[in-house]
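Residue 98 is where the sequence shown starts when you use the numbering used here, and the numbers rise one by one after that.
Notes to accompany the following structure.
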Amino acid sequence: MGNLEALKAKASLIAEKIVEAAESRKRILIVGHIDADGISSASLIARALRCLEAPYNIRILNDLTPAVLGELRDEDYDLYVLCELGGGMLKPLENYLGSKWVLIDHHQVPEDELTHPSILNAWYYGFDGGVEACASTLAYFVSSAINRSLKSFSWLPVVAALADKQDQGERRSLVGANKVILEEAKEAGLVGESIDLLFYGRETRAVHEALAATTTPYIPGLSGNREACLTALSAAGINLRSDDHWRTLSELTKEEKQKIVDILLPYIGGRGIDELIGYVYTLLKEDEFSPLRDAREFGTLLNACGRMGKSGLGVGLCLGDRGYSLTEAEKVLAEYRQIINRAVKLLTEDETRVVKHQLFNLIV
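Right under this line is the structure:
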């Protein structure tokens, strides 16, 4: 693993610059990327500024181009806190924003950026930013350096790391700096870690629907076919209903889950089963059956908000709003899924839209 203490020391220096601006009542703009990690990291900095009772604004962007930097400069903030975007743009940042910025990022960038005093980047400290540390992990170290009470938000980098597909350890586990924060969250009783079936919607979908939605690995005859899944599970003697509702995967017993494994074995073999079993991360303070209780599902919700132009709802969720933000975010996710389903259906019905290449497929 990389040099965690050196990373934390640099995070403290970035925190000092933010605190100085906040205590001087300077105008601060937090700029984050539209994906779950960008939204989460921006939210962590926002929460830290709330602790300082400092005013701030948040802007979530798809990209940070010179033209966008020019627009930000014209808004004349005193400090720009850039989260998960801006990597590789040192000269434009200096040209447009002078020294009025700090950058928290995990992407690979040129060496001169890694050593810049206003940049916190995982790679400089020996962490693989694609696997061991997302931007929210770095933002967590910055925010907790500002206020130690923000350790209560240690669950949020876990969500972001999973959404950023950094669960690349054994059985889809988190590693590196991400795991360090995971352990903090576990010790605080915020996150539960267990090995289970990796069906999407384990807290929110009926078991047969969660199985039908599974595409990694693809299960011939079952993936995308709810009726076939319902028939197979019922034939195995699994009780899929409880009183007035369909049971979710989170409600099943170990014996019932083993029956599911036995059902799937003829379809995908032992190697396929291995892909379906891994580490599950549960946010213990969230309500049961909520789309926020499973950390991977929470991340999907944040990504949907960002991609659908509703990033404010994602920020609201990260900052604790379980009323309006959650209600509206679920609507956004439903719409997002419809768009994806229509696109998938279009491609499956019209194979001429897929141009196959040796290394990739091009959709036209």
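Note that beta-carbon positions come from the ideal geometry of N, C-alpha and C, so glycine has one too.
Note that the coordinates shown come from a computational prediction; the quantities given were computed from them, not determined experimentally.
- Query: Going by the beta-carbon positions, is the gap between L398 and P388 smaller than 8 angstroms?
  - Reply: The Cβ atoms of L398 and P388 lie closer than 8 angstroms to each other.
- Task: Express the C-alpha separation of I136 and P152 in angstroms, rounding to a whole number.
- Result: 18 angstroms
- Message: Only counting the same chain, and skipping five residues up and downstream in sequence, which positions put a Cβ closer than 7 angstroms to that of M186?
- Response: L161
- Can you have a look at S140 and say buried or exposed, based on whether 16 or more other CB atoms are within 10 angstroms of its CB? buried
- Task: Report yes or no: do the stretch 365–383 and the stretch 261–277 share at least 3 C-beta pairs separated by less than 8 angstroms?
- Result: The way I'd put it, the stretch 365–383 does touch the stretch 261–277; three or more beta-carbon pairs between them come closer than 8 angstroms.
- Backbone CA spacing between K407 and I115 [nearest angstrom]: 26 angstroms
- Query: Counting along the chain, where does the alpha helix (DSSP H) carrying S109 start and finish?
  - Reply: L101 to E120
- Query: What residue from A285, E348 and A426 has the CA that sits closest to L95's CA?
  - Reply: Nothing can be reported for residue 95, as the shown portion of the chain is limited to 98 through 461.
- Task: Identify every run of the beta strand (DSSP E) within the stretch 334–398, keeping only runs that are complete inside it and at least 3 residues long; order them along the chain.
- Result: Taking only runs of at least 3 residues, the beta strand (DSSP E) segments lying wholly in the stretch 334–398 are 374–380.
- Message: Here's the rule I'm using: 16 or more other beta-carbon atoms within 10 Å means buried, otherwise exposed. How should K197 be labelled?
- Response: buried
- Would you check if the distance between the CB atom of F238 and the CB atom of L104 is smaller than 8 angstroms? Cβ atoms of F238 and L104: closer than 8 angstroms.
- Message: Using the three-state DSSP reduction, which class does H305 fall into: helix, strand or coil?
- Response: helix
- Query: With C231 and H213 assumed to form a contact (beta carbons below 8 angstroms), what rounded beta-carbon distance in angstroms separates them?
  - Reply: The Cβ separation is near 20 angstroms, so there is no contact.
- Quick one, which of I365, L253, L330 and L217 has its alpha-carbon nearest E113's? If we check each option's Cα against that of E113, L217 comes out closest.
- Going along the chain, which residues of its own chain have a beta-carbon closer than 8 angstroms to the beta-carbon of L182, five neighbours each way excluded? Excluding sequence positions up to five before and after L182, its CB lies within less than 8 angstroms of the CB of V128, G129, H130, G135, L158, D160, L161 and D202, all in the same chain and listed in chain order.
- Item | Span of the beta strand (DSSP E) around W198 | W198 to D202
- Task: Take S482 and list the residues in its own chain whose beta-carbon comes closer than 7 angstroms to its own, dropping the five residues that flank it on each side.
- Result: Residue 482 is absent from the structure shown; the chain starts at 98 and stops at 461.
- Inter-residue spacing [alpha-carbon to alpha-carbon] between S347 and E284: Cα-Cα distance, rounded: 22 angstroms.
- Query: By the 10 Å Cβ neighbour count, where 16 or more other Cβ atoms means buried, how is H305 classified, buried or exposed?
  - Reply: buried
- Would you mind giving the Cβ-Cβ distance between N400 and A282, rounded to the nearest angstrom? I have them listed as a contact below 8 angstroms. Actually they are not in contact, since the Cβ atoms of N400 and A282 sit about 20 angstroms apart, beyond 8 angstroms.
- Query: Roughly how many angstroms separate the alpha carbons of A119 and R434, rounded to a whole number?
  - Reply: 40 angstroms
- Message: Mapping the DSSP letters down to three states, classify R124 as helix, strand or coil.
- Response: Secondary structure of R124 (DSSP, three-state): coil.
- What did DSSP end up calling S270 once you bin it into helix, strand or coil? coil
- Query: My guess is that I142 and V165 are in contact by the Cβ rule of under 8 angstroms, so how many angstroms apart are they, rounded?
  - Reply: The Cβ separation is near 19 angstroms, so there is no contact.
- Three-state secondary structure (DSSP) of C180: strand
- Query: Run through DSSP, which three-state label would S408 get?
  - Reply: Residue state for S408 is assigned as helix, using DSSP reduced to three classes.
- Message: Please identify the residue among V206, D171, Y174 and D173 whose C-alpha is closest to the C-alpha of K188.
- Response: V206
- Query: Using DSSP with H/G/I as helix, E/B as strand and the rest coil, what is E290?
  - Reply: Looking at E290 - three-state DSSP - the assignment turns out to be strand.
- Message: Along the chain, where does the alpha helix (DSSP H) containing I142 start, and where does it finish?
- Response: A133 to C148
- Query: Residue range of the alpha helix (DSSP H) that I243 falls in?
  - Reply: A232 to I243
- Query: Who does I157 pair with in a DSSP beta bridge?
  - Reply: G129
- Task: Out of A236, T350, G318 and I278, state which residue places its alpha-carbon closest to the alpha-carbon of A145.
- Result: A236
- Beta-bridge partners of L217, as assigned by DSSP: I201
- Item | Contacts around E172, its chain only, beta-carbon distance under 8 angstroms, and the 5 residues preceding and following it disregarded | The beta carbon of E172 sits closer than 8 angstroms to the beta carbons of L126 from its chain, once the five residues preceding and following it are set aside; these are given in chain order.
- Between the CA atoms of R368 and G298 - distance to the nearest angstrom: Going from the Cα of G298 to the Cα of R368 covers about 22 angstroms.
- Sequence-distant residues of the same chain with beta carbon closer than 6 angstroms to P314, five excluded per side: I365, G369 and E372
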